[in-house]
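If you're matching them up, the sequences are chains A and B in order. Heads up: the first sequence is residues 98 to 526, going by this note's numbering. Heads up: the second sequence is residues -4 to 430, going by this note's numbering. Have a look at the structure below before the remarks.
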Amino acid sequence: MKPTELGLRRAFDVHSHVLGNGLKVLLVENPSIPTVSMNASVLAGARYDPESKAGQAIMASRLLDEGTETRSSFEIADAIESVGGAIEADGSFERLVVSAGVLNKDIGLGLELLSDLLIRPVFPQEYVDKEKERTLAEIVSAQDRPQVVAGWAFNELVYQDHPLHRPAHGYPETVERLERNDLFEFHKKYFLPNNVILSVVGDFRVSELLPKIEDALGSWRARPIVFPTYPEPVRQSGKRTKFIQMPAQQLNIYLGHLGVKRTNPDYYALQVLDTILGGGAGFTARIPQRLRDELGLAYTTFASITMTAGLDPGRFVAFIGTSPENMKLATEGLVNEIRRITEEPVTAQELQDAKDYLTGSFVFAFEASPQIARFLIHAEVYGLGFDYVEKYLEYIRRVTIEDISRVAKMYLDSENYTLVVVGPLDGAQ
Amino acid sequence: MSSLEIPSAFAMEDVGRTVLDNGLVVLTKEVHTSPIVTSMIWYRVGSRNEELGQTGKSHFLEHMLFKGTERFKKGEIDLITLKNGGGNNAFTSHDFTAYYFNFASDRWDVALEIESDRMVNCAFDPEEFEAEKKVVIEELKTGLDSPWGLLLQEQEASAFKVHPYRNPIVGWLQDVERATVEEQQAYYRRYYHPNNATLVLAGDFETNQILTKVARAFGLIPAGTPPPSMLLKEPPQRGERRLIVRWRSKVPRLAIAYHAPQIAHVDSYALQVLGVVLSEGKASRLYQRLVEREQSVTFVSAEYGEAKDPTLFHIRAEARGDHSVEEIETSIYHELGRIARGEVNQHELDRAKHQMEAHFILSRERTLDQAILLGQIETLYGIDYIDSYLQRINAVTTADVAAACSRYLNEDSRTVALLLSDGSEQVEENESEAD
């Protein structure tokens, strides 16, 4: 028996509903432990920030739990923590997410707080000021980590004018300029029931939970939304490089270029390619096998194009952290492996192993309720369908050696790439 | 407060404990919610067992166990994991070394074959050893490029003068550089025995059936000479120790460590509760004071570190803006003083206990998490600890928290480590584009 067929034996039922105001509700009963995970996703994020207000979306999300019309920041924290629960608000380029985890007996409180944060935040001026200062301090602190600095620089070069060129939390100068009114504006524009998906997974009965959700969120009023538009990013046609000197032990090297969207039909062939080139189990993929296992150049090295695929195209990234004297060897090593997979077909054995890995390990993505709650949101946002759990296996099994060659040639480039190196360049060879 | 109840799914009567004739402890926990089996093996050896000049051996050994045996050649362990759609990894601490495999439940037995084989047959090919040494050194350097990694390493080296908790788990660079394959092999022979290990299986299986498989895989391995006991004890600290680490960062960081008793010590429960009262969640003491009111830090954490031998209670904070570490330190000591004088209210205490209860449940949903809990507790103390854990936490009173704070978190037993700027200006950028 294939492991994945084992997985399907216990595939879960998704109960999908749409409230009168357009809010989508996705529910999965999972009584294995007495807890409930909730995930409310607002389908707007840092990708919609105007350049001059970069950081607006993330700032708005971080202030959701700092005060509502009926509760102070402390009252929210005290209420949820007193029952041992947790509620968090955070954001990314694509979404702002309020998530809560509670014991099943506290599901009512969880829903109440969740709706309060989504519908009635007040963004108190005092907290806007605090959060700005804190974000500025965190940006300074993050610059201590060469890998972060390298990642930021890499995105700037790869995305150019596209919104994903910037850090999601913005730049110091744009964060400084954000005002309380910007956060209200963002909330007013995008926090609408017809722009929200709520997933709840855990120990409850759908028939009992639905009326509670209706009570908590049903009276929220829908409005039409106009989303900003921006041009698609363009893949580079030459080399771009950036070297940043920083006193450190290791060089952090990012090498790659623009990637693909999650909805790209070649996504699954690219997942198999990722597994062969730079991912998979242990150090079986070509890049870690060659650069770590054989040459001893690094503790961390990997490559992937599917990992960052989203509504916007992600990035193809090959990464290595290595001592400065290895710079040339490491960079050439990455480029050689990228070139090899675009020029030579992978072996039948490599293909089979990668497919077995992906289909066999699929079950691990659905072990815990928070994982399932996140999956439901992805399934909805990227149009995967709730029978994805079954379809996925077929998508992977279908991939051929020719597919890998075709997608490697189409989506990877060993000539026209961006190279960013951050670290002790003085010792680099 | 409402009483804490352990959900039946987590009661320890569900955990089987069997000891094979050769001394191998086998813990089994059936979990039938997903078709997954986690298998872990825990060795009672970590950096606490390493001698001066030989630091980093336990961790290096962990790397070597993936480099093959006579039966499973180099790369084959990872390849088997790949082909079977599984996951594997390992970690080393001061007190233990642990390895795990996650597989679907119809093919997990291969994990038993690998673990039993590499318990005694690790290959130690000299070339592989030298190649892997480079990887370990890169890992060590990655740690030194993290401000907290560096600061905590220096702090432990100062808080402990005698006990090997003073040494980094990954080892000191010069020790790793001069490590030899012969020494490594001797260390392996000394500590990798069935009677120095615990096998933990958690997941979708029938206990009776798998115990037969376990006996087949491990039963014939002879018991080894019990490894030497680690006899070093840390003498009492007789006054505050302070140290400064100069680094490239502009952001000052503060780490305060207090000597604290080992896991399951009668006072350890109150110290765990104290850590939660101080810094778990936005309603906690230090968050409210330092992040909310004084706005002097970007984050603050307080935590009792569970360990086999007397250990440390850590407080860490990252300064923000123009706030000085002196100002932050003063506020922390002021808050600790209030708690030591008994200014903890019942509501705060109850909230902390509920957080601990929920964490105990919420964070054990995956079989791997359950296996880690069981293996770690059995290795550090014995699984009975889990049985009484929530009752012990529930029994902690406000007076206990005050007494523990007063007794352990005092000036004379603390080591204060500051990460401060070395004045260097980073960042010279050089950009080019050729289309």
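Note that beta-carbon positions come from the ideal geometry of N, C-alpha and C, so glycine has one too. Nothing here was measured: the structure is a model prediction, and the numbers come from that model.
Where residue i sits in the DSSP three-state scheme
| i | result |
| --- | --- |
| B:Asn425 | strand |
| A:Ile469 | helix |
| B:Asp199 | coil |
| A:Arg106 | Note that A:Arg106 has pLDDT 43, beneath the 50 cutoff, so the model's placement of it is unreliable and no number is given. |
| B:Phe98 | strand |
| A:Phe301 | coil |
| B:Phe294 | strand |
| B:Gly418 | coil |
| B:Tyr376 | coil |
| B:Lys24 | strand |
| B:Phe55 | helix |
| B:Gly276 | coil |
| A:Tyr492 | helix |
| B:Tyr282 | helix |
Own chain residues within Cβ distance below 6 angstroms of residue i, not counting five before or after
| i | result |
| --- | --- |
| A:Arg436 | Ser511 |
| A:Leu124 | His112, Val297 and Val303 |
| A:Asp363 | Val504 |
| B:Gln180 | Phe119 |
| A:Gly524 | Pro421 |
| B:Ser427 | none |
Cut-off 7 angstroms between Cβ atoms - residues of its own chain near residue i, not counting five sequence neighbours on either side
| i | result |
| --- | --- |
| B:Lys69 | Lys62, Gly63 and Glu123 |
| A:Val443 | Ile373, Ile498 and Ile501 |
| B:Leu415 | Ile239, Arg241 and Pro247 |
| A:Pro131 | Leu200, Asn201 and Asp300 |
| A:Leu307 | His114 |
| B:Ser330 | Residue 330 of chain B is actually Glu in this sequence, not Ser. Cβ within range, chain order: Arg280, Leu281 and Arg284. |
| B:Arg102 | Asn79 |
Cα-Cα separation between residue i and residue j, rounded to whole angstroms
| i | j | result |
| --- | --- | --- |
| A:Gln449 | A:Thr428 | 29 angstroms |
| A:Met98 | B:Thr193 | Because the pLDDT of A:Met98 is 35, which lies under 50, any placement of that residue in the model is unreliable, and the number read from its coordinates should be weighed accordingly. Approximately 30 angstroms between the Cα atoms of the pair. |
| B:Ser111 | B:Tyr94 | 12 angstroms |
| B:Val157 | B:Thr137 | 27 angstroms |
| B:Ile164 | B:Ser88 | 6 angstroms |
| B:Arg387 | B:His260 | 11 angstroms |
| B:Asp262 | B:Ala399 | 7 angstroms |
| B:Val21 | B:Arg185 | 21 angstroms |
| A:Arg231 | B:His342 | 29 angstroms |
| B:Asn190 | B:Leu206 | 17 angstroms |
| B:Ile310 | B:Arg237 | 14 angstroms |
| B:Val320 | B:Ser291 | 9 angstroms |
| A:Ile155 | A:Tyr485 | 30 angstroms |
| B:Glu0 | A:Asp203 | Below a pLDDT of 50, predicted positions are generally treated as unreliable, and B:Glu0, at 48, falls in that range; no measurement from the model is reported. |
Classification of residue i by the beta-carbon crowding that lies within 10 angstroms, buried from 16 upward
| i | result |
| --- | --- |
| B:Arg248 | buried |
| B:Asp379 | exposed |
| B:Ile239 | exposed |
| B:Lys277 | buried |
| B:His254 | buried |
| A:Asn252 | buried |
| B:Asn79 | buried |
| A:Phe380 | buried |
| B:Gly82 | buried |
| B:Ala394 | exposed |
| B:Lys24 | buried |
| A:Met424 | buried |
| A:Pro328 | exposed |
| A:Asn349 | buried |
Neighbourhood of residue i by C-beta distance below 8 angstroms, restricted to the same chain and skipping five residues each side
| i | result |
| --- | --- |
| B:Val396 | Ala265, Val268, Leu269, Val272, Ile334, Val339 and Leu344 |
| B:Leu60 | Ala85, Tyr94, Arg113 and Cys117 |
| A:Val331 | Gln257 and Leu355 |
| A:Trp249 | Pro264 |
| B:His58 | Glu127, Val130 and Val131 |
Legend entry - Residues within the stretch 386 to 410 of chain B neighbouring chain A, beta-carbon criterion of under 9 angstroms: From the stretch 386 to 410 of chain B, no residue has a Cβ closer than 9 angstroms to chain A.
Inset, instruction - For the stretch 21 to 37 of chain B, enumerate the residues whose C-beta is nearer than 9 angstroms to any C-beta of chain A, in chain order. - result: Val26, His27, Thr28, Ser29, Pro30 and Ile31
Legend entry - Members of the stretch 78 to 94 of chain B that neighbour chain A once the beta carbon cut-off is set at 9 angstroms: Lys78, Asn79, Gly80, Gly81, Gly82, Asn83 and Asn84
Legend entry - Members of the stretch 301 to 323 of chain B that neighbour chain A once the beta carbon cut-off is set at 7 angstroms: Glu313, Arg315 and Gly316
Inset, instruction - For the stretch 321 to 352 of chain B, enumerate the residues whose C-beta is nearer than 9 angstroms to any C-beta of chain A, in chain order. - result: His342, Asp345, Arg346, Ala347, Lys348, His349, Gln350, Met351 and Glu352
Inset, instruction - Return the residues of the stretch 418 to 448 of chain A that lie within a Cβ-Cβ distance of less than 8 angstroms from chain B, sorted by chain order. - result: Gly418, Thr419 and Ser420
Inset, instruction - Scan the stretch 146 to 168 of chain B for residues whose Cβ lies nearer than 7 angstroms to a Cβ of chain A and list them as they occur along the chain. - result: Residues passing the 7 angstroms Cβ filter: none.
Inset, instruction - Could you list the residues in the stretch 236 to 269 of chain A with a C-beta less than 9 angstroms from some C-beta on chain B, going in chain order? - result: Val237, Ser238, Gln240, Asp241, Arg242, Pro243, Gln244, Val246, Ala250 and Leu254
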